[in-house]
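So the structure is just underneath, and the comments pick up after that.
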Amino acid sequence: MDKTELAVSGQIGSHPKGLYYLFFTEMWERFSFYGMSALLMLYMVKELLLPENAAQVIGLAGLRAFFEFRGPMSDIAFASIIYGWYAGLVYFTPIFGGWVADKLLGAKRTVMIGVVLMSAGHLAMSFYSSFLLALLLLILGSGFLKGNISAQVGALYPQEEESLRSHGYTIFSAGICIGAASGPLVTGLVAQSHGWHAGFAVTALLMLVALAVYAIGQRHLPHDRPAVQKREKAAPLSPTERRRIYVLLFVILLTIPAEIAYPMVWSIGILWVDQYVNLATPMGDMPSSWFAAMDSIGAIIFAPLLVAIWAWQARRGSEPPSITKIGIGTALVGFAALLFAYGNMGITEPDSVSAGWAISGWLIMGLAWMYYWPTLLALVSRTAPPAVTSTLMGVAFLSPFVGHTLAGWVGSYFDQMDPATFWAMDAAIALAGAAVILLLRKPLTNGLAAGN
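Going from the sequence shown to our numbering is simple: count from 1 and add 54.
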């Protein structure tokens, strides 16, 4: 980016104004998305999959028959697989959205379309019959939005400002966490007092707020690259750029274990809390859906501390390389899952696990996410060739696509084993992934630095 483009954005402190418009757009979008997701697993198990309600859902019977190729499954297993495929496809479609932005529409218009599609999807969740259509609209809308809005964050900074860009992504990710923390609290309360569909309706309204914020901030956002103008032909990638792409793809692949183990808290984790954790308080039982906010609260708590520590280390020349941060984050995911396993060890009675174990594990999951995911996005933004930045940002979301999909399959075995064993298995997946990343951190770091 040249100085002219930076001047369009303006500055607030050391960061461009556009960062804060993207922050608030993503905050409201994540409020909506995670508010819906917090209800989804419980909604399916407790209401949607009841025979009289399931019969009203267009296409659901055929979908269940398709997934029962290995034999009949429980409602919990079927709901886990639906959740896993839905959450996975949400992260698959950004590669298509990135291509649309790079080659056809530009990032701004593509993001606008994505927000409108997601608004329609959240509204469709308010009816039994359109449940699968709602998931489809949310998947497509998220694909148009996710990678492109993340790529716009990186485009606000000069190429040489690696540390500042990384800190910008951390600030942007704090917006994700604020929305993800507040969404489940609001929708969970609305759903508990007014019903599931009222909770889903709230998420549709908040998507429109995200659209308004993004529209207002247009002049502070980076210009769409001229590559969308067909008269200009992009230069071919150099051998060095191609090698960097291969290393980036391998780094993205190595984040899959974290993306299997961590998202388990949003699906099976909520059911586990509902069944096993003691939620009693002096003011009555806490809604189990509120735990969907706990990891985001953890990320909000730890984000300022991480930004301060990394900035201090950067000034001293001792900030860990991005690959090391990703490895640390993956290891923390495994440690958090071990807390769930330890808290449930030897306990089989409902509502008997201390809430402290669950809360501690969720908060550490939030810290883990702040270590590995914003770092990965900043790494892609900094090292990807400019001609394919949006596309590679979309490719980065293939990691959560594969991870969430596999998490749905792993979660389908939850009611076939005791909870402590299940969470120990979840932890082992993350810890094995962390070991591989940390062992390969030096050659991967060197491979991404070559030619940069």
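Don't be surprised by glycine CBs; every beta carbon is placed ideally from N, CA and C.
Check the Cβ-Cβ distances between A438 and every residue of chain D, and say whether any is below 8 Å. Although the question refers to chain D, the structure presented lacks it and comprises just one protein chain.
Apart from the five residues on each side of it in sequence, which residues of its chain come closer than 8 Å, Cβ to Cβ, to F120? For F120, where only same-chain residues beyond five positions count, there are no Cβ hits under 8 Å.
Which same chain residues end up closer than 6 Å to A252 when comparing Cβ atoms and leaving out the 5 residues on each side of it in sequence? V244
Can A391 and W320 be called in contact, C-beta distance under 8 Å? no
Beta-carbon proximity list for S196, same chain, < 6 Å, skipping 5 on both sides: V144
From which residue to which residue does the alpha helix (DSSP H) around Q272 run? Careful: Q272 lies outside any alpha helix (DSSP H) and carries neither H nor E.
Please state whether DSSP places V111 in a helix, a strand or coil. coil
Assigned secondary structure, P336 (DSSP; H/G/I helix, E/B strand, else coil): coil
Beta-carbon proximity list for F356, same chain, < 7 Å, skipping 5 on both sides: The beta carbon of F356 lies closer than 7 Å to those of G420, L421, M424 in the same chain, with the five residues before and after it left out.
Measuring CB to CB, does T147 end up less than 8 Å from L194? yes
Cβ of V263 within 8 Å of Cβ of T241? no
Is the beta carbon of M261 less than 8 Å from the beta carbon of H176? yes
Flag this pair as touching only if the segment 357-371 and the segment 443-451 have three or more C-beta atom pairs under 8 Å; answer yes or no. no
In its own chain, which residues sit with a C-beta less than 6 Å from the C-beta of V282, not counting the 5 before and 5 after it? Residue confidence for V282 is low, a pLDDT of 41 falling below 50, so the modelled location carries little weight and cannot support an answer.
Run through DSSP, which three-state label would P238 get? helix
Can you tell me whether V282 is helix, strand or coil according to DSSP? With a pLDDT of 41 at V282, under the threshold of 50, the predicted position of this residue should be treated as unreliable, though the coordinate-derived value follows. V282 falls in the helix class under three-state DSSP.
When the Cα atoms are used, what is the spatial distance from E286 to A441? In this prediction, E286 has a pLDDT of 49, which is less than 50 and means its spatial position is unreliable; what the coordinates show is noted afterwards. In a straight line, the C-alpha of E286 is about 12 Å away from that of A441.
Using a Cβ distance threshold of 8 Å, determine whether the segment 310-317 contacts the segment 477-494, with at least three qualifying pairs required. yes
Helix, strand or coil: how does DSSP classify Y74 here? helix
Got a sec, what are the start and stop residues for the alpha helix (DSSP H) Q470 sits in? Segment: none, Q470 is in no alpha helix (DSSP H) and carries neither H nor E.
Roughly how many angstroms separate the alpha carbons of V327 and G138, rounded to a whole number? 18 Å
Cβ-based burial, M337 [other Cβ within 10 Å; buried from 16]: Result: exposed.
Beta-ladder partner(s) of V327, from DSSP: Answer is none; V327 lacks a bridge partner.
In whole angstroms, what is the alpha-carbon distance linking A385 and M479? Cα to Cα, the separation comes out at about 14 Å.
Exposed unless 16 or more other CB atoms sit within 10 angstroms - verdict on A188: buried
How many angstroms separate the CA atom of K57 from the CA atom of H274? Low local confidence applies: a pLDDT of 39 at K57 is under 50, so the model's placement there is unreliable, and no value is given.
Looking only at its chain, what residues have a beta carbon closer than 7 Å to the beta carbon of G381, apart from the 5 residues adjacent to it on each side? A488, I491, L492, R495
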